[in-house]
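Here's the structure we're looking at; comments come further down.
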Amino acid sequence: MYLLRELERKDLEDINRWRNDQKLIEQLGAPFRYINLDVDIMWYENYLANRSNNVRCTIVDEKDSFIGLVSLTGIDYLNQSAELHIMICDNKNQGNGAGTFAINAMLKHAFNNLNMQRIELTVLESNHRAQECYKKVGFKQEGVLRNACYKNGKFVNVYIFSILKEEFCETI
Ligand SMILES: CC(C)(COP(=O)(O)OP(=O)(O)OC[C@H]1O[C@@H](n2cnc3c(N)ncnc32)[C@H](O)[C@@H]1OP(=O)(O)O)[C@@H](O)C(=O)NCCC(=O)NCCS
Numbered sequence: 007m008y009l010l011r012e013l014e015r016k017d018l019e020d021i022n023r024w025r026n027d028q029k030l031i032e033q034l035g036a037p038f039r040y041i042n043l044d045v046d047i048m049w050y051e052n053y054l055a056n057r058s059n060n061v062r063c064t065i066v067d068e069k070d071s072f073i074g075l076v077s078l079t080g081i082d083y084l085n086q087s088a089e090l091h092i093m094i095c096d097n098k099n100q101g102n103g104a105g106t107f108a109i110n111a112m113l114k115h116a117f118n119n120l121n122m123q124r125i126e127l128t129v130l131e132s133n134h135r136a137q138e139c140y141k142k143v144g145f146k147q148e149g150v151l152r153n154a155c156y157k158n159g160k161f162v163n164v165y166i167f168s169i170l171k172e173e174f175c176e177t178i
């Protein structure tokens, strides 16, 4: 069983450890950086100061053990849209349904509580698992940003996916 709860200060050591994991970061659009704990503390403080336009949740199991993060950023109340980000950190926790659960729970929050009508995301062309997971919960691919991301010494394509409120079929 998985749960979402708002990101807490006590999660920062786990997050910092995983943000320094090159294998995990390879799968994300963000570049790998060496990040010390103070940087993540500042990132957390910045989140607390900007909660009205961002939702950051920790994905935990029934023992409150850290599994990953799922977030909505850039919440735009005029256009009723936001961007979704997710990472299930340890590969032993991947492929067990945590991603599907967390994305569905965050979409439910976005559409039913925050009055969003569109959620979008970007994903590396090479990240087939993430693309399959997004399609499973109802996202559609909208386009390709050619050579939009510099990863491991080369420019790679990035796909844009989105889901509209009326397409969301809650499966949790
Ligand atoms: C991508 C990610 C969120 C998926 O979550 P997950 O918990 O691993 O995936 P789930 O177990 O919920 O599986 C959902 C679907 O993904 C697909 N999938 C899962 N593992 C897969 C694999 N190894 N290869 C291809 N597709 C796979 C399947 O379609 C699966 O549905 P099914 O179980 O009905 O067949 C997660 O693996 C992750 O965070 N990975 C590392 C970081 C990352 O890639 N983040 C996304 C950046 S855009």
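In our numbering, the protein residues as written are 7 to 178.
Think of the CB as a built atom: it goes at the ideal place given N, C-alpha and C, for glycine as much as any other residue.
Here the structure is a predicted model, which is why all the values come from computation and not from measurement.
beta-carbon residue i near ligand 1 non-hydrogen atom, thresh 6 Å
i, result
"Gln33", "yes"
"Thr79", "no"
"Cys139", "yes"
"Ala88", "no"
"Thr64", "no"
"Ile169", "no"
"Gly144", "no"
"Ile94", "yes"
Of the residues the options, the one placed nearest residue i, counting alpha carbons only
i, options, result
"Asn60", "Asp44, Ala111 and His91", "His91"
"Arg15", "Ile31, Leu30 and Met48", "Met48"
"Ile81", "Ile94, Arg57 and Ser71", "Arg57"
"His115", "Gly103, Ala88, Met93 and Ala154", "Ala88"
"Cys155", "Gln86, Ile65 and Gln33", "Gln33"
"Ile21", "Arg62, Gly35 and Asn85", "Arg62"
"Arg152", "Lys142, Leu30, Tyr165 and Lys141", "Tyr165"
Residue i to residue j span [Cα, whole Å]
i, j, result
"Ile73", "Arg11", "12 Å"
"Asn52", "Ile125", "22 Å"
"Cys139", "Cys95", "15 Å"
"Phe179", "Ala136", "Any property of residue 179 remains undetermined from this structure, which presents the chain solely from 7 to 178."
"Gln28", "Glu19", "16 Å"
"Phe107", "Asp17", "20 Å"
"Tyr83", "Leu75", "23 Å"
"Asn110", "Thr64", "14 Å"
"Ile41", "Trp24", "10 Å"
Classification of residue i by the beta-carbon crowding that lies within 10 angstroms, buried from 16 upward
i, result
"Asp70", "exposed"
"Ser168", "buried"
"Phe174", "buried"
"Val150", "exposed"
Rounded Cβ spacing between residue i and residue j (contact assumed at less than 8 Å)
i, j, result
"Val45", "Leu9", "Not really, about 27 Å apart at Cβ, beyond 8 Å."
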